[in-house]
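One structure below.
Residue numbers (this note's numbering): 106 to 729.
In structure tokens:
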């Protein structure tokens, strides 16, 4: 069915989604800075005795300083959302009316009335963002005061402050609790899973009497970010429709597993009396008044739509634009269909996009873009150098001939785009765990492994990245998917993990029959980009155990003295770790470094139900 209005509405919706991803990345960075600064402030200005907090006067004095941090970091973020985000969405709404071109010309562009509304909406939503800042200034200050009042330790205060800002959850000895907590943490900011997350929280609070999922600044700010962009679009769209005299609507958006029943039936046309999917405004109001559902918001249904985190939108139409069967009438057919991209390139640790949302660029473009990033990363002073014949050269335990370069020759556009996309996340991981960003990427078909990492120099095998989901070739990443339902804690003592390389067919079948776990962590993922992400996260795990704490003076001294035989601080501690039978992949039993990398990749991708509890304990105590 031809429907140009649908195309234009999806253009608006995709614009919102793109802005949401961009601003959520910014929100994540903002809250991380706030968390670091608040903790640093508290550690410097709150006196302790025998590890316990004291002096209520100091606790009270911290309140204006906490407010100053939030005002400095959070309010500029809010200002960018309402200025840039709202401004760009207003242009998309204007484009819809201008493209249609069949309403009075004076209403096709933004009018004085529209501009006045936009100004008021910006002020309104900025106030909502500001309220979050004020509220959490009070919450964080109260945490400081209460913990000082009862003489808690600084460690206890730090945990509460971090939880209140970013929602950090502690672990439990109860596996059922951990699964629920991990599910909430992994999906709390996904509006598509809100109903399931709420159910998990209720179960935690009622059955297990746990409240560690608590309220936090990230959740509130993320909620306002999601709803403000969509409510703004809906409100401005309604205002322009009133001016243009449009009194009928069609409802658009994706229908997925978690779509509310009302939205699903609206989009599918189950509730309207006409076959063409057109509703009158009065019909919409009657439908909304007569029904209740989870997440329903008060207000005008044309602006609040399905409620909190609703991702659907109305578009205003004239019934004369459609035939009875829903086809466009002759009025709409002459209008040129707009070119609307549905691809999204932006990705982040907080919002890891899937393959369907990834923009595919030419390999040459990906190489050029990555080269700028890698060249800059190679200058990180934590990467040691030495001088030879007046020339400064990189120092490493490994071959340094490619330092500062990117070589993706021979890779397909899709494969190189996957690499380029995930590298953005690797840079975030580097910043998060205080290690240098990677300083080399080289594609090599000569290597036997899928990828490798050595002191910031990453090699990838194009053969694997070209055929991620192709089961007909040997170099793919879907092997042993039949084992991907493995649950941590299952007895794997009878698995044969290590064996000689050359096997008879009988030996191979006997060994394979013992396997309970998949060989690699990427077997737990079905999305093509997620598989690649897991591989590159694994390699970045090696970067962490190789380079963490490398900037310390005693470590540098040891490095310079030993160089090729150097063992990093994390690697020394790894030597005492017992790895046999404790992880969810067989490859993790190769050695402690692979154990670290395999578990890190799952940990960083929020698959904590598959992460060795020993790794979590080690990582959070020795690395973080």
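We treat Cβ as the ideally placed atom computed from N, Cα and C, and that holds for glycine.
Name the one or two DSSP bridge partners that residue i has.
| i | result |
| --- | --- |
| residue 580 | Looking at the DSSP assignment, residue 580 forms no beta bridge with any residue, so it has no partner. |
| residue 546 | 511 and 563 |
| residue 384 | 354 |
| residue 153 | 158 |
| residue 433 | 427 |
| residue 573 | Bridge partners of residue 573: none, in fact. |
| residue 418 | 357 |
| residue 710 | According to DSSP, which records beta bridges pairwise, residue 710 is partnered with nothing at all. |
| residue 558 | 563 |
| residue 258 | 157 |
Under three-state DSSP, which class holds residue i?
| i | result |
| --- | --- |
| residue 516 | coil |
| residue 128 | helix |
| residue 493 | strand |
| residue 696 | coil |
| residue 268 | helix |
| residue 278 | Note on residue 278: pLDDT 49, under 50, position unreliable in the model; the coordinate value appears next. It is coil, neither helix nor strand. |
| residue 245 | helix |
| residue 322 | helix |
| residue 722 | helix |
| residue 733 | Absent from the model: residue 733. The displayed extent of the chain is 106 to 729, so no value can be given. |
| residue 676 | helix |
| residue 374 | coil |
| residue 568 | helix |
| residue 685 | coil |
| residue 541 | coil |
| residue 335 | helix |
| residue 401 | coil |
| residue 234 | helix |
| residue 120 | helix |
For residue i, which of the options has the nearest alpha-carbon?
| i | options | result |
| --- | --- | --- |
| residue 676 | 655, 454, 348 and 632 | 655 |
| residue 85 | 488, 493, 495 and 494 | As shown, the chain starts at 106 and ends at 729. That puts residue 85 outside it, with no answer to give. |
| residue 235 | 173, 259, 196 and 219 | 173 |
| residue 514 | 261, 550, 492 and 415 | 550 |
| residue 110 | 423, 155 and 132 | 423 |
| residue 419 | 242, 546 and 337 | 337 |
| residue 710 | 139, 527, 182 and 144 | 527 |
| residue 288 | 727, 375, 714 and 722 | 714 |
| residue 581 | 547, 509 and 573 | 573 |
| residue 541 | 349, 165, 647 and 304 | 647 |
| residue 158 | 258, 119 and 403 | 258 |
| residue 217 | 609, 113, 341 and 323 | 341 |
| residue 712 | 250, 690 and 496 | 690 |
| residue 631 | 692, 660, 461 and 254 | 461 |
| residue 594 | 426, 685, 271 and 510 | 685 |
| residue 400 | 367, 425 and 232 | 367 |
| residue 130 | 148, 532, 674 and 495 | 532 |
| residue 198 | 579, 335 and 265 | 335 |
| residue 345 | 223, 120 and 476 | 223 |
| residue 467 | 518, 505, 478 and 512 | 518 |
| residue 132 | 141, 170, 611 and 183 | 183 |
| residue 358 | 387, 118, 161 and 569 | 118 |
| residue 154 | 253, 463, 332 and 469 | 253 |
| residue 246 | 718, 324 and 163 | 163 |
| residue 429 | 141, 672, 384 and 421 | 384 |
| residue 510 | 544, 520 and 187 | 544 |
| residue 78 | 187, 248 and 202 | Look at the range of the chain in this structure, 106 to 729, and you will see that residue 78 is not part of it. |
Return the Cβ separation of residue i and residue j in integer angstroms, given the expectation that the two are a contact with Cβ distance under 8 Å.
| i | j | result |
| --- | --- | --- |
| residue 179 | residue 221 | Not a contact, Cβ separation roughly 27 Å. |
| residue 330 | residue 128 | 6 Å |
| residue 627 | residue 636 | 4 Å |
| residue 392 | residue 354 | In fact, because the Cβ distance is near 11 Å, the residues do not count as touching under 8 Å. |
| residue 530 | residue 453 | 7 Å |
| residue 525 | residue 471 | 4 Å |
| residue 503 | residue 559 | 4 Å |
| residue 410 | residue 339 | 6 Å |
| residue 548 | residue 575 | With 8 Å as the limit, residue 548 and residue 575 do not qualify as a contact, their Cβ atoms being about 18 Å apart. |
I'd like to confirm something about residue i: is its beta-carbon nearer than 8 Å to some heavy atom of the ligand ZN, or not?
| i | result |
| --- | --- |
| residue 664 | Absence of the ligand ZN from the depicted structure is noted, as is the absence of any ligand whatsoever, leaving it without description. |
Pick out the complete alpha helix (DSSP H) segments inside the region 594-651, 4 residues or longer, and give them in chain order. You should have 610-617.
So within the region 452-502, which uninterrupted alpha helix (DSSP H) runs reach at least 4 residues, ignoring any that extend past its ends? You should have 468-482.
Which residue spans inside the region 169-226 form an unbroken alpha helix (DSSP H) run of at least 4? Runs of the alpha helix (DSSP H) lying entirely within the region 169-226 and spanning at least 4 residues, in chain order: 191-205.
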